[in-house]
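Engineer: Residue 904 is where the sequence shown ends in UniProt numbering, and the numbering goes up by one at each step. For every residue, glycine included, the Cβ atom is placed at its ideal position computed from N, Cα and C.
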Amino acid sequence: MAKKKAAGGGNSLVIVESPAKAKTIGKYLGPGFTVEASVGHVRDLPKGAAQIPAKYKKEPWSNLGVNVNDNFTPIYVTSPGKSKQIKLLKDQLKKADALYLATDEDREGEAISWHLLELLKPKVPVHRLVFHEITKDAIQEAIANPRDIDDGLVRAQETRRILDRLYGYEVSPLLWRKVRPKLSAGRVQSVAVRMIVDRERERMKFVSATWWDLIGTFCKTDDEKQRLETTLVSVDGKKLPSGKDFDQHTGKLKNDALLLMDGPAAQALADRIASGEFRVASVEEKPYTTKPSAPFTTSTLQQEANRKLGFTARRTMQVAQALYENGHITYMRTDSTNLAKVAVEEARNLVKSEYGDDYLPSEARTYTGKVKNAQEAHEAVRPAGTPFAVPGVLQSSLNSDEFKIFDLIWKRTIASQMQDSRGRRIVVTIEGGGCVFTVSGKTIDFPGYLRAYVEGSDDPSAELADQEKSLPSVEVGEQLRCLDLLAKDHTTQAPSRFSEAALTKALEERGIGRPSTYASIIDTILLRNYVFKKGGALVPTWVAFSVVKLLEDHLTGLVDYQFTAQMEDDLDAISRGEQQQLEYLKNFYFGNGKPGLKKQLENKVDEIDARSISRIHVGTAEDGEDVFVRVGRYSPFVEKGEKTASLPEELPPDEVKLEYALDLLAQAAKAEEPLGTCPETGKPVYLKVGRFGPYIQRGETDDDEKPKNASLLKGMSPEDITFETALKLLSIPRELGVHPKLEDTITAYNGRYGPYVKCGTETRSLPADVSPLDVTLEQAIELLNQPKQQRGRGQAKPPLKIFEEKSPVTDTQVQMLDGRYGPYVTDGETNASLPKGQAPDELTFNEALNLLAARAAAGGSKKKKKTTKKKAAKKTTKKKAAKKTTAKKKAAKGTKKRTTAKEE
């Protein structure tokens, strides 16, 4: 690498990742510096056969993009769509006398800088700039103190990339063969899926239990308004149970000495003691203090934004990235809870000015990170610069999401340097009629840091229960009057599913993966349909159960929690130079005493029984026959011997109990018996249940003529369907008569977007209270005579989003449009659909460029140019080309299938 030269003077080229970051840094550097963006990664391993260089295509390892036979040498190719940007950087470099690489200060950023060096091959001095906030002082400090590229970080990132490629590309094809096509395996994603499946298994095994107690309302004898709402805790010396006293797999008490009451027993007890005497047996008062939470790390920021704002991890990171690139917060990918001395001083100054001296500790607070494998430790996420900008001042210059995240970060940072919260917990015990009731209260004497920030909770009910609750002042021995005794039942709850915040926390606590990658991991498992969301919870699909079963039974180590966490330790050791990259990769792939990945996968295709992997046991019927859920090629279904029944796609697995499965099988068996015979066609009419729900079918599936199907109308359930209703549904579309003015037949339809009537080219939606089965000719004419409600087809829809930056390929603004098949991005030449599950408002500019580049590399969705070729010539050419193209596609299809897999 070229030696450093003194900063200043001449023309220096500074390269960052994003145009937004370039724009902000450019403001602080001034003349003598040209700031350009790489627009993300510039090189990577090839993705798919099309990107593999011709000279490697015949190599047995080429599909991996890594030469496993020659020291795991990676094949790096220019990222799709980046050629034009790289040329721009090369042209700018020719004019420069120094190169500054100012990519992010984590492993990914270090690797991008290294790849830029490999591509640009600079002949001028090269400097690595490192800063954790984009402020004038930080940039000038970095320029004055550049360093070399950290080879340890580069090797650690490269090892991680190769490791993920080997794992993903070697294991995924096994899933295609044994579970379902287009699935993927990954070093971290597969473990994350296993954690979600394990939690669902606990829910499936869970047996609920119910117990009863009494809620007693008491008051002071001289003041009915001073009330205490208490809970019964014991009767005649026998304690009542709580939820934790029940075995979650049997629903039975763990301790038989506890008093378990049912409803009648609880009511009888209430009736017996209601008129008795009650007195205060004890009043216990205990002081408590709570300390503020540490400033945000990447993980805790994601968790809090999910709990408090409902943001996904992806959305939080995109907003934080924008705040960082525009100089509002420090670098958002960090495991550190440390604050720089100047930041601590600024936070303490704000505490004093905003809240007063009483809220300022005598000494600054320091925090020690508890994250296993903590690395990339620079500073916690905090407001950038000094003095910190106040949220209210920035509100007008930030969008809604940016303001919410900045406000969260600002308050958490300030609170971390405030006094403890102090208060008292008071427990009052009341006795009478052999029963003991208790009630607890909480009084906050000094709010401390709570004035600035209250941390969220994964359990909202627990968070509510911890709020301040004051109690009337009572004394030991004081007589109380019983106002009411209410018998109340309680039911134990199954273990909660993971939310994004809870999964992030669990992965981090186990030392699995890096916090900066959790957003992409969650995106991947959603995209691959391993999980879906129900409310804020992550629910595994039956496909996830099959994949986890295969990996647990046949590749145990690859989804072992401890083994995966150890990988992170090893990668950290490589970054510190304590372990060798080549030795580690050899051990992982070829083995070292224990079988490596390659050996573990040998003969697995022959060993694994796909039928066994695809079956999840639900229970055993009374006749002794087992009932399973089977993962089919297209959808899951219930199986009992030769009998099967479709399962709704997004029905949570824990809801498929044995009784439910048997009911589905009974419905399916009933569906084999026709509701009746159609009087017009003489064909049987069935009520069937498919992967998308119940429907009516006329005719047999194996008939020469395709059976006619009819969907149920909105609000209908299978129980509502009679033979007469089924015939009516099959009558749709219904001809109602002729429109007197339009002189054409009016027909009623049940369409994709709801029922409607049509006459010629005129259509009108039916009101919610009018069914296409019953709509009359007069009603239809009245609807058609009304002006048509515009749905936006008559004029071009406005863009969903216009990105500020221009495409480096077409030099035009990138836009997101709403198309016929959903949202897509375009740069004027190429169109690319958004991936399934991708929220349009969360797509970043860099992600849009990657989608367009991948689409362009695949050779599709280019805007067609007009041609002046003669019609006859065009026809002949088209035929010949079609034959060649078809042959090529057939040949390439198999190759692509073998070489395309998702790693993470």
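Would you please state the rounded distance, in angstroms, between the beta carbons of Asp97 and Val124? I believe it to be under 8 Å.
Structural biologist: Rounded, the Cβ-Cβ distance is 5 Å, consistent with contact.
Engineer: Would you list the one or two residues that DSSP bridges to Gly676?
Structural biologist: Per DSSP, Val685.
Engineer: Find the nearest neighbour of Gly632 within the set Arg177, Val559, Gly511, Gly237, judged by alpha-carbon distance.
Structural biologist: Selected option, being the one with the closest Cα: Arg177.
Engineer: Since Thr826 contacts Leu817 with CB under 8 Å, what's their CB separation in whole angstroms?
Structural biologist: Between Leu817 and Thr826 the Cβ distance is about 6 Å, and since that is below 8 Å, they are a contact.
Engineer: Can you name the start and end residues of the alpha helix (DSSP H) that Glu804 belongs to?
Structural biologist: Careful: Glu804 lies outside any alpha helix (DSSP H), inside the beta strand (DSSP E) at 801-806.
Engineer: Start and end of the beta strand (DSSP E) containing Ser717?
Structural biologist: First-last for Ser717: undefined, no H or E at that position.
Engineer: Pull up the CB-CB distance for Gly737 and Leu777, whole angstroms please, since I reckon it's below 8 Å.
Structural biologist: Contact holds; Cβ gap of about 4 Å.
Engineer: Once DSSP output is grouped into helix, strand and coil, what is the label at Val171?
Structural biologist: Residue state, collapsed to three classes: helix.
Engineer: Identify every run of the alpha helix (DSSP H) within the region 111-150, keeping only runs that are complete inside it and at least 4 residues long; order them along the chain.
Structural biologist: Entirely contained in the region 111-150, the alpha helix (DSSP H) runs reaching 4 residues are, in chain order, 136-144.
Engineer: Once DSSP output is grouped into helix, strand and coil, what is the label at Gly10?
Structural biologist: Reduced to three states, the DSSP call for Gly10 is coil.
Engineer: Measure the alpha-carbon distance for Gly251 versus Cys435 and round it to whole angstroms.
Structural biologist: Distance between the alpha carbons of Gly251 and Cys435 is about 26 Å.
Engineer: For Gly557, I'd like the list of residues in its chain whose CB is within less than 7 Å of its CB, leaving aside the five on either flank, ordered along the chain.
Structural biologist: Around Gly557: Phe563.
Engineer: Thr491 and Ser208 look like a contact to me (Cβ under 8 Å); what is the Cβ gap, rounded to whole Å?
Structural biologist: With a Cβ gap of about 5 Å, Thr491 and Ser208 count as contacting.
Engineer: Can we say the region 414-429 touches the region 286-295, given the rule of at least three CB pairs closer than 8 Å?
Structural biologist: With the cut-off at 8 Å, the region 414-429 and the region 286-295 touch.
Engineer: Between the region 376-392 and the region 254-270, do three or more beta carbon pairs fall short of 8 Å?
Structural biologist: No, they do not touch.
Engineer: Measuring alpha carbon to alpha carbon, tell me which residue in Pro823, Gln786, Ala266 is nearest Lys801.
Structural biologist: Measuring from the Cα of Lys801, the nearest candidate turns out to be Pro823.
Engineer: Starting from Lys308, trace the beta strand (DSSP E) in both directions and tell me its first and last residue.
Structural biologist: Here Lys308 belongs to no beta strand (DSSP E), and DSSP marks it neither H nor E.
Engineer: Can you name, in chain order, every residue of its own chain whose Cβ lies under 8 Å from the Cβ of Ser12, other than the five neighbours on each side?
Structural biologist: Excluding positions up to five away in sequence, the list reads Gly32, Phe33, Thr34, Ala96, Asp97, Ala98, Leu99, Tyr100.
Engineer: To the nearest angstrom, how far is the alpha carbon of Val68 from that of Glu578?
Structural biologist: Spanning the two alpha carbons is a distance of roughly 23 Å.
Engineer: Tell me which same chain residues have a C-beta within less than 7 Å of the C-beta of Arg128, skipping the five on either side of it?
Structural biologist: Hits under 7 Å: Leu101, Ser113, Pro146, Arg147, Asp148, Ile149.
Engineer: Evaluate Gln157 with the Cβ neighbour count: other Cβ atoms within 10 Å of its Cβ, from every protein chain shown; 16 or more gives buried, anything less gives exposed.
Structural biologist: Looking at its Cβ environment, which holds 16 or more other Cβ atoms inside 10 Å, Gln157 is buried.
Engineer: So, for Pro53: in the same chain, excluding its five sequence neighbours on each side, which residues have a beta-carbon less than 8 Å away from its beta-carbon?
Structural biologist: The residues are Pro46, Ile75, Val77.
Engineer: Tell me which same chain residues have a C-beta within less than 7 Å of the C-beta of Ser646, skipping the five on either side of it?
Structural biologist: So the list reads Ser635, Phe637, Val689, Gly690, Arg691, once near-sequence residues are dropped.
Engineer: How many Å lie between Glu719 and Pro653 at the Cα?
Structural biologist: Near 24 Å, if we compare the C-alpha coordinates of Pro653 and Glu719.
Engineer: How is Gly109 classed by DSSP in three states: helix, strand or coil?
Structural biologist: In this structure, Gly109 counts as helix in the three-state DSSP scheme.
Engineer: Would you kindly report the start and end of the unbroken beta strand (DSSP E) that includes Leu99?
Structural biologist: Looking at the DSSP string, the run of the beta strand (DSSP E) that includes Leu99 is 98-101.
Engineer: Inspect the beta-carbon positions of Leu585 and Ile162 and report whether they are closer than 8 Å.
Structural biologist: Yes, they are a contact pair.
Engineer: So His115 and Val66 are in contact, right, with Cβ under 8 Å, and what is the actual spacing, rounded?
Structural biologist: About 16 Å separates the two Cβ atoms, so there is no contact after all.
Engineer: Express the C-alpha separation of Lys90 and Glu118 in angstroms, rounding to a whole number.
Structural biologist: Going from the Cα of Glu118 to the Cα of Lys90 covers about 12 Å.
Engineer: Return the CA-CA distance between Leu503 and Gln226, expressed in angstroms with no decimal places.
Structural biologist: One C-alpha to the other measures close to 44 Å.
Engineer: Which of helix, strand or coil does DSSP assign to Ser765?
Structural biologist: Strand, per DSSP.
Engineer: So, is Gly477 buried or exposed, given that buried needs 16 or more other C-beta atoms within 10 angstroms?
Structural biologist: Result: exposed.
Engineer: Given a cut-off of 8 Å, decide if Asn63 and Tyr169 are closer than it, judged by their beta-carbon atoms.
Structural biologist: Cβ distance < 8 Å, so Tyr169 and Asn63 count as in contact.
Engineer: Since Leu817 is in the beta strand (DSSP E), which residue starts that stretch and which ends it?
Structural biologist: Element bounds for Leu817: 813-819.
Engineer: Could you give the residue range of the beta strand (DSSP E) that holds Asp223?
Structural biologist: 223-235 is the extent of the beta strand (DSSP E) around Asp223.
Engineer: For the structure I just gave you, are there three or more beta carbon pairs, one from the region 323-331 and one from the region 398-412, closer than 8 Å?
Structural biologist: Segments in contact, yes.
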